[in-house]
Structure formats: C-alpha cells, structure tokens
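Heads up: the protein sequence lines correspond to chains A and B, in order. Quick note: the first sequence uses UniProt numbering, first residue 1, plus one each step. Quick note: the second sequence uses UniProt numbering, first residue 1, plus one each step. Each residue gets a CB set at the ideal place from its N, CA and C atoms; glycine is no exception. Bear in mind that the values here come from a model prediction, so they are computed numbers and not experimental data.
There are 2 protein chains.
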Amino acid sequence: MNIGEIARRAGVSRSTVSYVLSGKRTVSEATRRRIQAVIDELDYRPNASARALKEGRTRTLGLVIPPASQRLTDMQLGFVASVVEAAAHADLDVLLSPSGGDHERSFERIVTGRRVDGVILMEIRMEDDRVTRLRQSRLPFVTIGRTADPEGMSWVDIDYPGLIARCVHHLADLGHRHVALVNRSAELVAAGYGPGHRALIGFAAAVAERGLTGVDVCCGDDAAAGEACFEQLLAAHPRVTAVVTVNEAALPGIQRALAAAGLVVPRDFSVTGVAARHWAEDFRPPLTAADVPAAEVGAEAVSLLLERIAGPVMPPRHHLYSPPISLRSSTGPVPQRSPAGGPPPTG
Amino acid sequence: MNIGEIARRAGVSRSTVSYVLSGKRTVSEATRRRIQAVIDELDYRPNASARALKEGRTRTLGLVIPPASQRLTDMQLGFVASVVEAAAHADLDVLLSPSGGDHERSFERIVTGRRVDGVILMEIRMEDDRVTRLRQSRLPFVTIGRTADPEGMSWVDIDYPGLIARCVHHLADLGHRHVALVNRSAELVAAGYGPGHRALIGFAAAVAERGLTGVDVCCGDDAAAGEACFEQLLAAHPRVTAVVTVNEAALPGIQRALAAAGLVVPRDFSVTGVAARHWAEDFRPPLTAADVPAAEVGAEAVSLLLERIAGPVMPPRHHLYSPPISLRSSTGPVPQRSPAGGPPPTG
DNA sequence: TTGTACGCGTTATCAG
DNA sequence: CTGATAACGCGTACAA
Numbered sequence: 001m002n003i004g005e006i007a008r009r010a011g012v013s014r015s016t017v018s019y020v021l022s023g024k025r026t027v028s029e030a031t032r033r034r035i036q037a038v039i040d041e042l043d044y045r046p047n048a049s050a051r052a053l054k055e056g057r058t059r060t061l062g063l064v065i066p067p068a069s070q071r072l073t074d075m076q077l078g079f080v081a082s083v084v085e086a087a088a089h090a091d092l093d094v095l096l097s098p099s100g101g102d103h104e105r106s107f108e109r110i111v112t113g114r115r116v117d118g119v120i121l122m123e124i125r126m127e128d129d130r131v132t133r134l135r136q137s138r139l140p141f142v143t144i145g146r147t148a149d150p151e152g153m154s155w156v157d158i159d160y161p162g163l164i165a166r167c168v169h170h171l172a173d174l175g176h177r178h179v180a181l182v183n184r185s186a187e188l189v190a191a192g193y194g195p196g197h198r199a200l201i202g203f204a205a206a207v208a209e210r211g212l213t214g215v216d217v218c219c220g221d222d223a224a225a226g227e228a229c230f231e232q233l234l235a236a237h238p239r240v241t242a243v244v245t246v247n248e249a250a251l252p253g254i255q256r257a258l259a260a261a262g263l264v265v266p267r268d269f270s271v272t273g274v275a276a277r278h279w280a281e282d283f284r285p286p287l288t289a290a291d292v293p294a295a296e297v298g299a300e301a302v303s304l305l306l307e308r309i310a311g312p313v314m315p316p317r318h319h320l321y322s323p324p325i326s327l328r329s330s331t332g333p334v335p336q337r338s339p340a341g342g343p344p345p346t347g
Numbered sequence: 001m002n003i004g005e006i007a008r009r010a011g012v013s014r015s016t017v018s019y020v021l022s023g024k025r026t027v028s029e030a031t032r033r034r035i036q037a038v039i040d041e042l043d044y045r046p047n048a049s050a051r052a053l054k055e056g057r058t059r060t061l062g063l064v065i066p067p068a069s070q071r072l073t074d075m076q077l078g079f080v081a082s083v084v085e086a087a088a089h090a091d092l093d094v095l096l097s098p099s100g101g102d103h104e105r106s107f108e109r110i111v112t113g114r115r116v117d118g119v120i121l122m123e124i125r126m127e128d129d130r131v132t133r134l135r136q137s138r139l140p141f142v143t144i145g146r147t148a149d150p151e152g153m154s155w156v157d158i159d160y161p162g163l164i165a166r167c168v169h170h171l172a173d174l175g176h177r178h179v180a181l182v183n184r185s186a187e188l189v190a191a192g193y194g195p196g197h198r199a200l201i202g203f204a205a206a207v208a209e210r211g212l213t214g215v216d217v218c219c220g221d222d223a224a225a226g227e228a229c230f231e232q233l234l235a236a237h238p239r240v241t242a243v244v245t246v247n248e249a250a251l252p253g254i255q256r257a258l259a260a261a262g263l264v265v266p267r268d269f270s271v272t273g274v275a276a277r278h279w280a281e282d283f284r285p286p287l288t289a290a291d292v293p294a295a296e297v298g299a300e301a302v303s304l305l306l307e308r309i310a311g312p313v314m315p316p317r318h319h320l321y322s323p324p325i326s327l328r329s330s331t332g333p334v335p336q337r338s339p340a341g342g343p344p345p346t347g
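As structure tokens, this is what we get:
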C-alpha cells in the first residue's frame, strides 16, 4: 500500500494525497474528505523509509546503552525509560544501541548510517571515545553524564561531588569523624566512569575540608558485593561510624552486613548517600539520601537533544542536577562509643 | 556523503561502488581497491533509509515494551536486554515502542509505517488487542508470553502453571497442608495478564490435586507491597506454613514480614516459587525456586522472529520454558506446631 | 490540483 | 568479465 494506490482509488494525484496528509497546502473540503476516507479504510500510513529519505530526517532518536551483559542498574533503567517516554511524547521513536562489549558495529551503524536524527549517550567516562567519535561527526548528541572536558556539548548530569560533599558535611555536623565512601565497582572507577570518579573527588575534598578521616571502597553493583565489601570495611576500619554511598544496588547488602554486625541504624551507625528514591525508601530505616531524579534527567536529555536537532544556531546547554537530600531516618549523632566496642573516637 | 560522491572521487559509476559494497558482483582488484580506499577515507556508509526503501527491509526489529510509567520488572528488563543483545549479534537494530499508556501512536507507527521487519511483543494478556492488530497485519511477530489461543503464532513463554504445580507438589511432599500463592498485582491478574492468570490456574489445580488448603493473594511489584501483603496474609491465615510466589520483586518485603513475625526460614516457614536467579540468591536463606532464564527467552524470541521474517514458508513455532527448580535452602518440612503458635495443622 | 524532479542505493540490462 | 546506464522503491514539494 503506497501513496500512489491511495491517489488512484481517490481519483487524484499523489501530491494531493500528500498535501492532505501533511496539511501543508489547503485542499478543497470535498476531495480532502474523499481522500481521507480511502486512507482510513485502508489504514494507510506513509512508508517511513521513503519519508525519511526525502525529508532528510528519520524522526528517530538513538539511545546508546551499556551492553546487556552487565545488568543495567535501576538508575540506568530509569534513564532509558524516561528517554523513551519523552521521545514517544514528541512522536519520536527510539533506536537502541548497546555499546561497549563487542557491539561497535551497532554504534557505527547508528552514527554513520543516518538512521537517527540525534543520539543520547549514557555511561559516560571522563575520556570517552564514543563522545570523540560523535563530536567529529555532525550528528547532534546529548550525554547523560559528562566527560572531563564537556565544553561545547549538551549534557545532563548529577552533581555527584556536590551531593557527596553535602552528605559528608551532614555527617560531620552530626559529629562523625570517621566516615567511609562506598563507591561503584573498581573497574568502573578505574575506567574513569564519571559518577565513580567524581564521587571520589568530592568525598576526598569534603573529608579534607572538615578534617575527617575518610576511607573509600569500591563495590560491585549488587547486594552480594555490598554485603561482602561492607563486612570487610567494618572489620578493617572499626572506627568508622558512618558511610556515604553512591552504589544504590549495594544497599540491601550493606543492610545485611550491618545487621550481622549487630549495628542498629542510626543509633550505632549512620548511612546516607545518593540513590533512587525507591532504594532509599526500601532501606530500613528509610535512607536519608539525595534522590536521583532519573525521570527528569531523561526527559531533559531528550529536550536538549531536540534543541540541538532543531538547529545548531543555539549554543549547547547543559543541566547539572543537584537534588536536595531527603532527610529520612538513617543518620544520627555519632555514637558515644565506637560501634566495634573500642574507645570513643577522639577528635 | 553519498554513493555518487564516492563514485566521483574514485572515477567510477555508482553501481560499481554498490557492487564493491555488497560483493554481489566481482569487480577487478584494481578498481575495488581504489574504491575501498575512498570509502575508508571518508568513512562512508550507505544511507539506511535509501537502502531500506529499495530493499524493502529495514534491518530493524521492533520491541514493544510496557510503558515506562510502571517500572519494568527485572525479568522484563532481562528480556529487553537479551533481545537487544541477540539482535545486535545478527546486525539488527532494535526500535523501542512503549505501548499501553497513551502511546498508541508509537505502536501504530511501528506496525503500519514499515519501520521494522518484525516485532517482538512483551507483557501479553490472555486477550490482547495488540496481538489481534498484528495478526491482521502481515508483519511478522513473536510474543514473549502467549494469549489464551496462541494457535498459528510464534511465541516463547515460561510454563507458569507447570512450575507452580511443581512448587506445590514439592511443598506437599514436605508435609505442608496450608499453602499460599503470592501473585502479581490485582490489576494485572484482573486484566488477564498471562503469568498472573496462569499461575493462579496452576496453583488451584495443584492444590486441589494434593488436597491442600490454598489461599492466593495479589501483590504489587515491589518490596513495600510484598511486606504489607505478607503481613496481612500471616495475620489472616495463621495456619499457612509455606508460600509459592511468582512475584520476585515482592521477595525482599516477604523477607521482612517473615522476620518481623519472628519466623525463621525454612524452620518455621517455607518459601519457593519462580524468580530470576538474582532474586533467589539474594534471599536469605537462598530461595529454592525455578530460575527464569530471561536471557535465553529473549534470544529465542529473536531467533523465532528471524525465522518468521525469512519466510512464511515454515509454520510458526513456539518454545515453552520449564526450567528446573533449583533446590537451595528456603524450603523444609512442615513445622510441628503452626508458626503462629496455634495447634499443629491437622490433615 | 497536478506533473515532476529529487532524495539515495540497488540491480537488471546493455555496451565494451 | 568489467563497467556504465537507467529504472525503481515512495513520499515530498516546487513549478506550472
């Protein structure tokens, strides 16, 4: 079924049908109705490829996701979901491309094959060659996360250093002197993955500023890793009375390790950090944390991308999210005696 | 950059370039090399729209997912991930379409606009009008899950009734006489969502077969719902000594409710069901459960779809997965005394 | 309102 | 066997 067939059945030319479809020229009410009737009857819709070829745009956005092999975190899933939602809202489709792993071909198809009007990139590293690749192409793109030098690009990101600093200050205000950071996996941090890297920077800075003792550990993105890593932490650093985490998936494991050690939150130990609300609310007691606004981040990424696509006239923009820390009940004043039963921590 | 430009720079005709690209005709080594050099230098790749228009296929698969508003479950996410992975492996891209919600336009674009060569549908209901819609189009499709009457279509599904029955028999063999089913949300079950519907059927049948007392409850897909629903269950049915669940996301909540009631698993209470391995292993003690092979299901869906796309010659096929129940340690013999401290359950 | 050129790659057909 | 020409897939939009 194509536009010619519709035209034939309605007894008009193809262009007239096209104008009815697009409304870019007025068509007499009578013929418009006749054509529309045929269209409705046959449930005709223009061939997307032909339209894309002619118009020079595909009405499709590319979304580059981490390879499926590594299970996506809830936060990443939240980004994907909200990007898809926002795109659908603008009548755009989303083409998925797993990158990393052994799927470079998929990424190349997207970038060079003019399959999409623009690209949203996730899981950005401080030095990211997909970004380099995209910069040298003329394809509009937006990153969720940012590289070490994000000048001249559009991006959205979470202000990890700022949030982590706020968490540390909050703990310091409560009297904690020995605090820990539970970061993402060692591989991610080593690879220069933005949140992991910047969380560490922010933590170190805030700890120094307040004259605290800080210890940071890397931890896989799951409960089992969280439990193992937290057990070790408690054993190796008995003076630590509070933890800041950017690893939401480790929270259930942290919870178990605390319970196993007989530590009651927040009486004996304080926990805070950055996590999607859902994780924070599932913690017992509910976690005092900065809630990551995944839905807004994804929607804003789409919005910035549409801006880029619309025209390279406007300069690139960015949006750094710094959500407030929701005070729930997982932080409290430093315990009088060190949780491990040792001497009270001395300033 | 288009094929004409490449041809011009290489001093040949467009067709020759095309033949070099596709290899569908032999081209003399000299010209082939010259053309390839230009292609490499300019990093040329054919315009996907033009190629799709000419070839009549898009090298793209459509994946219809539940709307983002309702957070995808881990299992759904697993399907999406493995579908994307398998598609990338076959050099195919995946176009996402959130359906349900208010996104019918997205679904219609996919189906009618010839944007994809085939469609994979998730979250199938017993009566599903997207399936009806797809059946009457000539677009190849495969469902993950199946309708009440799946004759003549290709599908993959998990054998919920069979798995649930096995779980119930396992519990009955251990002496349990009063068992419960924790199903998916009331809305899903009411809407005829396959797994919810069939789990209930299978449960009822197995309970009847073994002469047990069964109670089933619906439960939202999250920890909080699981906790609330399980508290109620324990209060309302104190004689229940074991539970079968198809709601993996409720497991952490079930765990908490059990702990709050002072019940030790498996000494006082047995827990089993169907869940992704990841949920089962995070349960304490590790859950005796049928592990959903999400990765295989997704890959098989792609494989069946490619078969359909290749030609309507072969009859539709399906694959019903019935993974074995991994015996971990969350089930045990029925306790001597009812967990609530009442009289021992009498046969 | 209609005729037609165009966007771009593919391939059947023709010439050498 | 090698290379070139031209028609085609389908929708859009300018010129008539």
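Who pairs with V142/B in a beta bridge, going by DSSP?
I120/B, S154/B
Residues in its own chain within less than 7 Å of V189/B by CB, not counting five upstream and five downstream?
N183, G196, H197, L200, C218
Backbone secondary structure at G347/B - three-state DSSP:
At G347/B, the pLDDT of 35 sits below 50, so the modelled position is not reliable; the number obtained from the coordinates is stated separately. Coil, per DSSP.
Using DSSP with H/G/I as helix, E/B as strand and the rest coil, what is Y44/A?
coil
Report yes or no: is there a C-beta of chain A within less than 8 Å of the C-beta of G341/B?
Confidence in G341/B is poor, its pLDDT being 45 and thus under 50, which makes the residue's placement unreliable; the coordinate value appears in the next sentence. Output row for G341/B: interface = no.
Suppose you measure from the CA of L61/A to the CA of L95/A; what does that come to, to the nearest Å?
Approximately 6 Å between the Cα atoms of the pair.
Measure from the C-beta of G11/A to each C-beta in chain B and report whether the shortest distance is under 8 Å.
no
Is it a yes or a no for the stretch 306–322 of chain B touching the stretch 273–285 of chain B, going by three-plus beta-carbon pairs under 8 Å?
no
List the residues of chain B whose Cβ lies closer than 9 Å to the Cβ of T73/A, in chain order.
Correct list: empty, because the minimum Cβ distance to chain B is about 10 Å.
Could you give the uninterrupted runs of the beta strand (DSSP E) lying entirely in the stretch 248–295 of chain A, keeping only those of 3 residues or more?
270–275, 288–291
Listed from N- to C-terminal order along the chain, which residues in the stretch 82–100 of chain A have their beta-carbon within a distance smaller than 8 Å of any beta-carbon of chain B?
S82, V84, E85, A88, D91, D93, V94, L95, L96, S97, P98
Straight-line CA distance for V207/A to R51/A?
57 Å
Could you tell me the distance, in whole angstroms, from the CA atom of D268/A to the CA atom of T241/A?
One C-alpha to the other measures close to 7 Å.
Reference G273/A, options G11/A, A224/A, L171/A, closest by Cα:
L171/A
Tell me which same chain residues have a C-beta within less than 6 Å of the C-beta of T288/B, skipping the five on either side of it?
T272, L327, R328, S330, T331
Does the beta-carbon of A30/A have 16 or more other beta-carbons within 10 angstroms, so that it is buried, or is it exposed?
Per the 10 Å Cβ criterion, exposed.
Starting from N47/B, find everything on chain A with Cβ-Cβ shorter than 8 Å and list it in chain order.
L53, G113, R114
Roughly how many whole angstroms lie between the Cα atoms of residue 359/B and R256/A?
Here chain B covers residues 1 to 347 and nothing more, so residue 359/B does not appear.
Three-way DSSP call (helix, strand, coil) for residue 348/A in this model
With chain A represented from 1 up to 347, any question about residue 348/A goes unanswered, as that position is not in the structure.
For V131/B, name the three-state secondary structure that DSSP assigns.
helix
Per-residue burial, R25/A [other beta carbons within 10 Å of its own, 16 or more giving buried]:
exposed
Cα-Cα separation, Q336/A to P238/A:
14 Å
So with Cβ pairs under 8 Å, would you call P293/B a contact of chain A?
no
Within this structure, are the beta carbons of P66/A and L174/A separated by less than 8 Å?
no
Using DSSP bridges, identify the partner residues of H319/A.
V156/A
Under 7 Å from the C-beta of A280/A: neighbouring residues of chain B:
Result: empty, since nearest Cβ-Cβ is about 12 Å, beyond 7 Å.
Evaluate A276/B with the Cβ neighbour count: other Cβ atoms within 10 Å of its Cβ, from every protein chain shown; 16 or more gives buried, anything less gives exposed.
buried
Taking P98/A as part of the beta strand (DSSP E), name the residues at either end of that continuous run.
The continuous beta strand (DSSP E) containing P98/A extends over residues 93–98.
For A50/A, which residues in chain B fall below 7 Å Cβ to Cβ?
Annotation: Cβ neighbours of A50/A in chain B (cutoff 7 Å, chain order): L53.
What is the DSSP secondary structure of S15/B, reduced to helix, strand or coil?
helix
If you measure from the beta carbon of residue 353/B to each beta carbon in chain A, is any gap under 8 Å?
Not covered by the structure: residue 353/B. The range shown for chain B is 1 to 347.
May I ask you to report which of helix, strand or coil DSSP gives L21/B?
helix
The beta strand (DSSP E) with D216/A in it runs from where to where?
213–217
For chain B, check one thing: does any of its Cβ atoms lie closer than 8 Å to the Cβ of R105/A?
yes
Please confirm if H170/B has its CB atom under 8 Å from at least one CB of chain A.
no
Contact under 8 Å by Cβ, residue 381/A with A223/A:
With chain A running from 1 to 347 in the structure shown, residue 381/A is simply not present.
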